[in-house]
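Reading through the C-alpha cells given below for one structure.
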Amino acid sequence: LSAAMTKNVIEYGGVGDSEEPTHHDLVPPAVPADIDHILLQHNRRTLEDSFTRSVNFYELMNQRRSVRFFSKEPVSEKVIENLIRTAGTAPSGAHTEPWQFVAVRDPDYKQKIREIVESEEEINYMKRMGSQWTNDLRALRTTHIKEYLTDAPWLVLVFKQVYTPLPDGRKRNNYYHEISTALSGGILLAAIQNAGLVTLTSTPMNCGPALKSLLGRPAHEKLLLLLPVGLPSATCTVPNIHRKKLNEILTVF
Ligand code: IYR
Numbered sequence: 055l056s057a058a059m060t061k062n063v064i065e066y067g068g069v070g071d072s073e074e075p076t077h078h079d080l081v082p083p084a085v086p087a088d089i090d091h092i093l094l095q096h097n098r099r100t101l102e103d104s105f106t107r108s109v110n111f112y113e114l115m116n117q118r119r120s121v122r123f124f125s126k127e128p129v130s131e132k133v134i135e136n137l138i139r140t141a142g143t144a145p146s147g148a149h150t151e152p153w154q155f156v157a158v159r160d161p162d163y164k165q166k167i168r169e170i171v172e173s174e175e176e177i178n179y180m181k182r183m184g185s186q187w188t189n190d191l192r193a194l195r196t197t198h199i200k201e202y203l204t205d206a207p208w209l210v211l212v213f214k215q216v217y218t219p220l221p222d223g224r225k226r227n228n229y230y231h232e233i234s235t236a237l238s239g240g241i242l243l244a245a246i247q248n249a250g251l252v253t254l255t256s257t258p259m260n261c262g263p264a265l266k267s268l269l270g271r272p273a274h275e276k277l278l279l280l281l282p283v284g285l286p287s288a289t290c291t292v293p294n295i296h297r298k299k300l301n302e303i304l305t306v307f
C-alpha cells in the first residue's frame with residue numbers, strides 16, 4: 055500500500071489547537087527513515103509462461119470452496135508455519151505488518167473455542183441476524199452447531215493490530231490495519247488451497263472478546279477471521295453454486 059498516507063502525520067501530535075507537531079512528538083515509523091533501497095529481485099517470465107501460469111493459478115483457485123465438514127486427519131505444524139509465512143508476505147500500510155496469527159491444535163482449546171462460538175452463534179441466529187439475514191443463508195444450510203471447530207486439526211485465528219504499543223508506552227497507529235490484514239487473509243486462503251488443504255472463511259460475530267481473552271491476546275488486537283484448516287471429511291458436501299462470469303466482474307477501458 056503506497057498511496058498517499060502523509061496526511062496522518064498531523065494526528066500524532068495530539069497537542070490540539072494550531073500547534074504543529076514537532077519531531078519530538080513523532081513515534082518512530084515501522085521502517086526507519088534512513089533504510090537503504092536495493093535492486094528488485096524479479097524473475098522475468100516469457101509471455102507464454104506468464105499466460106500458462108495465469109491459467110493454472112486460476113484453475114487452482116477456482117477449485118477453492120468454503121468447507122464446513124472436516125476430517126480429523128492431522129496436518130503437520132511445518133505446513134501451518136509455511137502457510138502463515140506466506141500470509142505474512144501481504145502488503146501493509148507503511149509496512150506495519152498489522153497482523154497476528156494464532157494456530158490452535160490443542161483439543162481443549164478447540165473445545166473451548168467451539169463452546170464460545172456456538173453459544174454466540176445461537177444468539178446470532180435467534181436474535182441478532184434477523185429474518186432477512188437468516189433467510190439469505192438458508193441455501194448454505196448453516197446452523198449455530200459448528201462441528202468443524204473440533205474436527206479440523208487446526209484453527210487459525212487472524213487478528214488485526216489496530217496499533218502497535220511501543221516500549222515507552224506510546225502507540226504507533228497502524229494505517230489500513232483492516233485491509234492489510236484482510237489481504238493477508240486472502241493470501242492465506244490461496245496458500246491453503248495451494249497446499250491441497252481446505253478451510254472455511256469464518257468471521258464469528260460477537261465472539262472476539264471471549265476468544266481474545268481465552269487466547270490471552272492484548273488490547274490492541276481484534277479478531278478478523280477464524281479459519282479451520284485441514285482436509286475435507288469423506289462425506290463432505292458443498293452447495294452447488296457457481297461464480298459470476300468474467301464479463302460480470304470485469305470492465306475494461
Ligand atoms: N456466522 C454465522 C452465519 C453466517 C453468516 C454468513 I454472511 C455466511 O456467509 C455464513 C454463515 C455462521 O458461521 O454460521
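First residue of the sequence shown: 55, per full-length UniProt numbering; consecutive thereafter. Every residue gets a Cβ at the ideal spot worked out from N, C-alpha and C, and that includes glycine.
Length of the line joining the Cα atoms of Met259 and Gly223: 31 Å
Excluding the five sequence neighbours on either side, which residues of its own chain have a C-beta within less than 8 Å of the C-beta of Leu220, listed in chain order? Val81, Pro82, Arg226
Indicate whether Thr253 and Pro282 have their beta-carbon atoms separated by less than 8 Å. yes
Alpha helix (DSSP H) containing Glu302: first to last residue? 300-303
Cutoff 8 Å: Asp222 Cβ touching any chain D Cβ: Included in the structure is just one protein chain, with no chain D present.
What is the DSSP secondary structure of Pro282, counted as helix, strand or coil? strand
Does at least one heavy atom of ligand 1 sit under 7 Å from the Cβ of Leu279? It does not: the Cβ of Leu279 is nowhere closer than 7 Å to a heavy atom of ligand 1.
Element boundaries [alpha helix (DSSP H), containing Tyr163]: Unbroken alpha helix (DSSP H) run through Tyr163: 161-177.
Could you pull out every residue in the same chain whose Cβ sits closer than 7 Å to the Cβ of Tyr217, ignoring the five residues on either side in sequence? Lys225, Arg226, Asn227, Asn228, His274
List in chain order: all unbroken beta strand (DSSP E) runs of 3+ residues lying wholly within the region 205-232. 208-215, 217-219, 225-227
Output the boundary residues of the alpha helix (DSSP H) element that contains Val156. Premise fails: Val156 lies in the beta strand (DSSP E), 153-158, not in any alpha helix (DSSP H).
Is it buried or exposed, Pro152, if we count other Cβ atoms within 10 angstroms and call 16 or more buried? buried
Mapping DSSP to helix, strand and coil, what is Phe307? coil
Reduced DSSP secondary structure (H/G/I, E/B, other) of Leu203: helix
Decide if the region 101-109 is in contact with the region 237-249; the criterion is three or more beta carbon pairs, one per stretch, under 8 Å apart. Segments in contact, no.
Would you call the region 282-302 and the region 175-188 touching, i.e. three or more CB-CB distances under 8 Å? no
Closest by C-alpha distance to Ala87, when choosing among Ser287, Thr140, His149, Ser108: Checked all of Ser287, Thr140, His149, Ser108; the closest Cα to Ala87 is His149.
How many angstroms separate the CA atom of Tyr230 from the CA atom of Gly147? When rounded, the distance between both Cα atoms is 5 Å.
Can you tell which of Arg98, Ser130, Ile246, Leu211 has the C-alpha that lies nearest to the C-alpha of Cys261? The option with the nearest alpha carbon to Cys261 is Leu211.
Check each candidate in Val156, Leu203, Arg119 and name the one with the smallest Cα separation from Lys214. Val156
DSSP has Phe124 in a bridge; who is on the other side? Pro286
To which residues of the same chain is Arg119 closer than 6 Å at the C-beta, ignoring the five residues directly before and after it? When the five nearest sequence neighbours on each side are left out, the beta carbons in the same chain lying within less than 6 Å of the beta carbon of Arg119 are those of Val292, in order along the chain.
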